[in-house]
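Student:
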Amino acid sequence: MQILSEQEIQRRQKRQQLIEMGIEPYPAEAFPVNVSAKDILKNYTRNKTEYKDISIAGRLMSIRISGAASFAELQDESGRIQLYIARDEICPTEDKTLYNVVFKKLIDIGDFVGVKGYVFTTQTGEITIHVTSLKLLAKSLKPLPIVKQQKDTQGNIKTYDAVTDAEFKYRQRYADLVVTPDAKQVFIKRTKIINAMRNFFNSHGYLEVETPILQPIPGGASARPFVTHHNALDIPLYLRIANELYLKRLIVGGFDGVYEFAKDFRNEGMDRNHNPEFTVLEIYVAYKDYFWMMDFTERLLEHVALEVLGDTKFVVGEHTIEIKRPFPRISIYEAIRLHTGIDISLMNEEELRETCQKLGVKVEATMGKGKLIDAIFGEKCEHYYIQPTFIIDYPVEMSPLCKRHRRNPQLTERFELFINGKEIANAYSELNDPIDQRERFEEQMRLMERGDDEAMYIDYDFLRALEYGMPPTAGMGIGIDRLTMLLTNQPSIQDVLFFPQMRPEKTIQAASHAEYLALGIREELIPLLQKIGFLTIESLREASPNKILNDLGIVRKKLKLENLRLPTKEEIESWLKK
RNA sequence: GAUUCCGUAGCUCAGCAGGUAGAGCAUUACACUUUUAAUGUAAGGGUCCUGGGUUCGAAUCCCAGCGGGAUCACCA
């Protein structure tokens, strides 16, 4: 049994009352809609004749009753518009039930209604729908948070009582979306970002593809995977941590440009930058190198910013960022030298470890050369790159899937794009020498044996694919969640995911009346027991009979039920024995 | 995983040198035919996150747990 608040009980009673009056609170038939709130607000003043016979549906978000005429606000997907409801308009005959009872008493904030009527402007100058008929489309049983907004004389919107409880917003996004227009805008932009990218890729003739999410070997990145099990095959399967190796197989197969917006899964810590599942765009283009990909990435981001924001400049936190081609390019060694004064380019693992210690960068025994360099860069350099900057030419140890640098075999042809101090994109000239690739995998195996639980597994099928020959290829990945955070100025990944992962809620299921009765509890005592907190049989069993008796006495007095016969201690003990 | 802050009505929040639980909106009732977050009058609504402890007495102090946020660690 659900535990209901006073308002929830009232709404259930209203629902029942509607049914008894012959009004279906959840009608099956479609309601024809021929206009949106936004359309009316935008175009009515210029084109009044078009809005003489309109039909619109949405949620009631405020109701102001004043006698025989009332105002309400209807919210549809596009926004809110005011309704004017006059009793004698919606009830032209003697029977005023629809207005006096259904509208005034039985309809609540949050209910879906459909209205027909015509648009006019009130004396206070607000574009309003004069309602001539009103129909309940769906009853809402749970009260929404009440968020109010006021426009000041400059047209700025002031919000009162906005939902601030992060837990409420993330767990009950459906309710947050109803009452927080800004939240909705973030998600609309997210989709626009993806659409803009997709259009950009398609206009280049690249093919959108789908590759396995359930993988026998979790490859293409360094991360701890989620493991599941396939019953029929009786094998473990992993939720993908990346799709890189599959997309490259497709390049082997003769597609010259493939991309995928992929959900990846990593079984690691969660914070405002990390959710266990997240979205990554990866794209691979044959016969290109990382220089081409840098240029391509610049153009892509410029395109996305213009499509989504209409501008290449935007504000993130305290910074204004500008997507301005070309972005500066700086090698990782140079970046480290610049920000620490130390040249690490010729150091071995031991020297790097000492350098880390000197710089106060935390290290672990399992870290190899690649991770050590990454640690220094992450701690000492990353946050300086606010404006878009390519960090290039990473050491080979950090990049097991990346082609060696054409002039220096200790380096790779790799870039990462940093914006606002965070990595936004990662790209390579892809390693296509199967012998080198095999050796790099083997190096990863050695790291794994040292205890690096994020080192890559060897994917022999991928090696086999490379052995058939893969053309020179440039590949690039962008974290869509991070990019969305950037372009919508949201500080937390949870704000750009509809349903961020949360610890499961503990729901208390209250015992049913039958369960109380089964213990021999008199029916009249059940509400009292619930009132004093014994909502489950289990909680009752754990309590002492004396406490139950005491509390019942208190609540009886409080509810002024002096005529109610309290149970004896023996009676209570008899319940607890059953 | 560590540190730290928070958890009071449907929502936003007060309340803490321990002494009967508060406000605004929302809800209910009555009045009102053009209102602009907030008409007037009245009423109802709470396991003060949970469990222990200290105390004559705990929303308030102490301990533990649960949930969430922030910082850090790992990573994208």
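When we follow the numbering used here, the leftmost residue of the first sequence carries the number 68, and every step to the right adds one.
Glycine residues also receive a C-beta, built at the ideal position from the N, C-alpha and C atoms.
Let me confirm a value: ASP232 is counted as buried when at least 16 other C-beta atoms fall within 10 Å, else exposed. Which label applies?
Tutor: It is exposed - the Cβ of ASP232 has fewer than 16 other Cβ atoms within 10 Å.
Student: Which residue's Cα is closest to the Cα of PRO283: ILE403, PRO292 and GLU275?
Tutor: Nearest C-alpha to PRO283: PRO292.
Student: Taking only the alpha-carbon atoms, compute the straight-line gap between ARG366 and THR278 and give it to the nearest angstrom.
Tutor: Spanning the two alpha carbons is a distance of roughly 26 Å.
Student: Could you check whether PRO467 and MET537 sit closer than 9 Å to each other, using their CB atoms as the reference points?
Tutor: No.
Student: How is CYS469 classed by DSSP in three states: helix, strand or coil?
Tutor: Reduced to three states, the DSSP call for CYS469 is strand.
Student: Candidates ARG420, TRP359 and VAL383: which alpha carbon is nearest ASN487's?
Tutor: Checking every option, the nearest Cα to that of ASN487 belongs to VAL383.
Student: Kindly indicate which residue of THR258, VAL168 and LEU530 has the alpha-carbon position closest to the one of PRO501.
Tutor: Residue LEU530 is the option with its Cα nearest to PRO501.
Student: Since LEU127 and VAL169 are thought to touch, with beta carbons under 8 Å apart, how far apart are those beta carbons, to the nearest angstrom?
Tutor: In fact, because the Cβ distance is near 12 Å, the residues do not count as touching under 8 Å.
Student: For ASP562 and GLN252, I'd like the C-alpha separation in whole angstroms.
Tutor: Their Cα atoms are separated by approximately 11 Å.
Student: Please confirm whether GLU490 and SER289 have their CB atoms less than 9 Å apart.
Tutor: Not closer than 9 Å, so no.
Student: Exposed or buried, ASP441, counting other C-beta atoms within 10 Å across all chains shown (16 or more means buried)?
Tutor: Burial call: buried.
Student: Check the C-beta distance from GLU590 over to LEU596 and give it rounded, since I have them as a contact under 8 Å.
Tutor: No, GLU590 and LEU596 are not in contact; Cβ-Cβ is about 11 Å, not under 8 Å.
Student: Given a cut-off of 9 Å, decide if ILE547 and ARG339 are closer than it, judged by their beta-carbon atoms.
Tutor: For ARG339 and ILE547, no; Cβs fall outside 9 Å.
Student: Would you say TRP359 and ALA124 are within 9 Å of each other, going by their C-beta atoms?
Tutor: Taking 9 Å as the Cβ cut-off, TRP359 and ALA124 do not qualify as a contacting pair.
Student: What does the alpha-carbon distance come out to for the pair ARG147 and GLU640?
Tutor: Looking at the two C-alpha atoms, the distance is approximately 58 Å.
Student: Does the beta-carbon of SER385 have 16 or more other beta-carbons within 10 angstroms, so that it is buried, or is it exposed?
Tutor: It should be noted that the sequence gives Glu, not Ser, for residue 385. It counts as exposed.
Student: Checking 9 Å against the spacing of the C-beta atoms, do ARG396 and PHE457 come in under that value?
Tutor: Going by C-beta atoms, ARG396 is nearer than 9 Å to PHE457.
Student: Is the number of C-beta pairs between the stretch 371 to 378 and the stretch 467 to 478 that are closer than 8 Å three or more?
Tutor: No, the stretch 371 to 378 does not touch the stretch 467 to 478.
Student: Would you list, in sequence order, the uninterrupted alpha helix (DSSP H) runs of no fewer than 4 residues that lie entirely inside the stretch 290 to 369?
Tutor: Runs found: 311 to 319.
Student: Just the C-alpha distance for ARG392 and ILE411, rounded to the nearest angstrom, thanks.
Tutor: Distance between the alpha carbons of ARG392 and ILE411: 30 Å.
Student: To the nearest angstrom, report how far apart VAL319 and ALA353 are at their CA atoms.
Tutor: Near 9 Å, if we compare the C-alpha coordinates of ALA353 and VAL319.
Student: Is the beta carbon of GLU349 closer than 9 Å to that of LEU314?
Tutor: Yes, the Cβ-Cβ distance between LEU314 and GLU349 is below 9 Å.
Student: Output the distance between the C-alpha atoms of ASP331 and GLU483, rounded to the nearest integer angstrom.
Tutor: Roughly 19 Å between the two C-alpha positions.
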